[in-house]
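**Student:** Going by the working numbering, the first residue of the sequence shown is number 30, and it counts up by one from there.
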Amino acid sequence: MINIKNNFINKIIKNSILKNPNRKIRTRFPPEPNGYLHIGHAKSICLNFNIANRYNGTCNLRFDDTNPKKENKKYVNAIKKDIKWLGFNWYKNSKYTSNYFKKLYKYAVQLIQNNLAYIDELNAQEIKQYRGTLKEKGINSPFRNRPIKENLTLFKKMKNGIFKEGSMCLRAKINMESPYIILRDPVLYRIIFSKHHQTKNEWCIYPMYDFAHCIVDALEEITHSLCTLEFIDNRQLYIWILKKLNFTQKPPRQYEFSKLTLEHTILSKRKIQKLIDTKLVNGWNDPRLHTISGLRNKGYTKNSIKTFCQKIGITKQQNMIELSLLESCIRKDLNMSSPRRMAVINPVKLIITNIDKYHIEYLDAPNHPQIKEMGTRKILFSNEIYIEKEDFCKKPNKNYKGLVLGKKVRLKYSYVIQANKILKNKNNEISCILCTYDLNKTKKNKQIKNNYNIIHWISSKNSIKVQFHLFDVLFKSKNAEKESNIIQAYNPNSCIIKTGYVESIIKNEKIKHAYQFERIGYFLKKNKKYENTTIVFNRIVSLKNKYKKFIK
Ligand code: ATP
Ligand code: MG
């Protein structure tokens, strides 16, 4: 298990256990099944499940399914799959707020009976107007003082489907002048005529999240109800509801922490749905999204996501996390386990003119620079090879490290070559670079100075054609979540597809997870048909930021 840092919530729990060693710690992760999980949810998942694991407690998975209009069984399944993939086990069966609909109804009736809730007939817009603002007090609804008996009858009728959606709702009778806007008679129940994925057509009234959440936390005897900072004021409402319903014996205590926001991406499910609807991304598991399934599809490992969550920690400070932190976690995780291979993603042909065209030679290349046990492989050297277009330049600047006419570079694990001439096609593009190689200057010859720049390459006789999917950020702006028009802010170059070559050994090779293509980055092999190729490589992450130069 990954060590969890001593964040402020851990400290609180530790102290409570010191005081009461027999205390059973119970947490929960409560997703709304209205979308797939993202890396922000992973932060909350790691927190809740790690606490349960660390203190020998339990963590419930509870679907907060109070809005059938937006929810769907497919989201329930996707959420379960992602949590399992991250390696966490929830306590017993997964739970649903809808399991408690009967009880919740009774609690609502109890509030009405105690003159603490009433049926309102204002519409949504009017409720909003009457509520006031931070500066202006709210105004009582004209329906606020209905007799209890009438409220009970109307609520029953609401339940029996007599009234239209939006025509009535149940509101708590708290205080329209409270400084906490959430306490200005919040809505507790509304009418929705939509089939529910769990309860089907049994109900046409549904509790609001705020009403259900605190009661179900109490019923499940959750000790630490952990949520994000935007619920800080809602805590006042939870305390009110639980007190009025006599949940006085150790009610759950809510603690708030900051939401994860990540540079160059959006996490809000509503906005992700918009990108999907406008076909700017291909579904919830698009590798450019920071959904758990998107990251998995791209090639991220569960450990890299967990390490990231550990590194960002749990605080009350709201700050944007740099994407480079997430990238450094996956690089670190893949570095030791990924075999090295050569690939050319943007190829140009290079002919070595002083080699016979039938000549073939096998050279040894290590599979990992640091791990000898990973062994070596033979790479084929011949007169016709591919190099990256960007590794050749006619008019280089001072710091250029590639091949230049009249200059020498070393082909990785191989010979030193010199570029002599270029051939161009009809479009005046370079079609071939003519070189000569220096047989004496092999790496093994210690007398030879070894200070040539090194470029990667691949023999045309030892290569298979593949497709590379090179992902970039979805949004160029750092604070993408704040963009008023996400469609406009979208980066049209967020996925660039290139056809290039990899070593042919890769075709039937089974490896643990990913490859590192030398000098390019980490890649995940996907056996799928894409245009004319059957192998697609997703770039998981570049090596440092070097990759940017390959994208034109
Ligand atoms: P979104 O705003 O992305 O649609 P949400 O908060 O509506 O997310 P829920 O399904 O309600 O999504 O979230 C389940 C749990 O995950 C909640 O406890 C919530 O606080 C937590 N959570 C959601 N987003 C983040 C985030 N970005 N960082 C940390 N925790 C999060
Ligand atoms: Mg929510």
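Even glycine gets a Cβ: it sits at the ideal position worked out from N, Cα and C.
1. Hey, quick one: how far does the beta strand (DSSP E) through V216 stretch, first residue to last?
2. To the nearest whole angstrom, what separates the beta carbons of K331 and L115, a pair I think is in contact under 8 Å?
3. Flag this pair as yes or no: are the beta carbons of Q496 and F566 separated by less than 9 Å?
4. Would you report the Cα separation of Y466 and Y544, rounded to the nearest angstrom?
5. Comparing alpha-carbon positions, which option in N537, L47 and K418 lies nearest P376?
6. How would you label T182, buried or exposed, when you count the other beta carbons within 10 angstroms and need 16 or more for buried?
7. What beta strand (DSSP E) runs, 3 residues minimum, are completely inside the segment 285 to 351?
8. Identify the residues that DSSP records as bridge partners of V495: which are they?
9. Helix, strand or coil for D93 per DSSP?
10. Using DSSP bridges, identify the partner residues of D467.
11. In terms of DSSP beta bridges, what is L392 paired with?
12. How is V433 classed by DSSP in three states: helix, strand or coil?
13. Return helix, strand or coil for G167, following the three-state DSSP convention.
14. Indicate, with yes or no, if ligand 1 has a heavy atom lying under 8 Å from the CB of R587.
15. When the Cα of T277 is compared with those of E250, N35, E285 and Y284, which residue comes out closest?
16. If we call anything under 9 Å between Cβ atoms a contact, is F184 one with I141?
17. Among L352, Q265 and Y442, which has the Cα closest to the Cα of D393?
18. Only counting runs of 4 or more residues, tell me where the alpha helix (DSSP H) segments fall wholly within the segment 227 to 278, in order along the chain.
19. Buried or exposed: which applies to G3, given that a residue is buried once 16 or more other Cβ atoms fall within 10 Å of its Cβ?
20. For the beta strand (DSSP E) holding V377, just list the boundary residues, first then last.
21. Does the beta-carbon of E61, which I'm using as the reference point, lie nearer than 8 Å to any heavy atom of ligand 1?
22. Note down, one range per segment and in chain order, each beta strand (DSSP E) of at least 3 residues found wholly within the segment 496 to 526.
23. Leaving out five residues on either side along the sequence, give the residues of the same chain with a beta carbon under 6 Å from the beta carbon of L258.
24. With distances taken between CB atoms, is the gap from A173 to K202 smaller than 9 Å?
25. Here's the rule: buried if 16 or more other CB atoms are within 10 angstroms of the residue's CB, otherwise exposed. What is R299?
**Tutor:** Taking the definition as stated:
1. Its beta strand (DSSP E) spans residues V216 to I220.
2. A Cβ-Cβ distance of about 5 Å is found for the pair K331 and L115, placing them in contact under the 8 Å criterion.
3. F566 is positioned such that its CB atom lies closer than 9 Å to that of Q496.
4. Pairing Y466 with Y544, the inter-Cα distance amounts to about 29 Å.
5. Residue K418 is the option with its Cα nearest to P376.
6. Flag for T182 reads exposed.
7. Fully contained in the segment 285 to 351 is no beta strand (DSSP E) run of length 3 or more.
8. For V495, DSSP records a beta bridge to G529.
9. Three-state result, D93: coil.
10. In the DSSP output, where bridge partners are listed per residue, D467 has V445.
11. Looking at the DSSP output, L392 shares a beta bridge with I408.
12. In the structure shown, the three-state DSSP call for V433 is coil.
13. Three-state result, G167: coil.
14. Since the first residue of the chain shown is 30 and the last is 581, residue 587 is not available in this structure.
15. Check the Cα spacing between T277 and each of E250, N35, E285 and Y284: the tightest is with E250.
16. F184 is a Cβ neighbour of I141, given a cutoff of 9 Å.
17. Looking at the Cα atoms, Y442 is the closest of the given residues.
18. DSSP runs (the alpha helix (DSSP H)) wholly in the segment 227 to 278: 238 to 248 and 263 to 273.
19. The shown model of the chain, from 30 to 581, leaves out residue 3, and the question about it has no answer.
20. From DSSP, the beta strand (DSSP E) with V377 extends over P376 to I381.
21. Because some heavy atom of ligand 1 lies under 8 Å away, the Cβ of E61 counts as near it: yes.
22. Listed in chain order, nothing qualifies, since the segment 496 to 526 has no complete beta strand (DSSP E) run of 3 or more residues.
23. Same-chain partners within the cutoff: E285 and S287.
24. Before going on, a small fix: residue 173 reads as Arg here, not Ala. A contact, by the Cβ cut-off of 9 Å.
25. Around the beta carbon of R299, fewer than 16 other beta carbons sit within 10 angstroms, so the residue counts as exposed.
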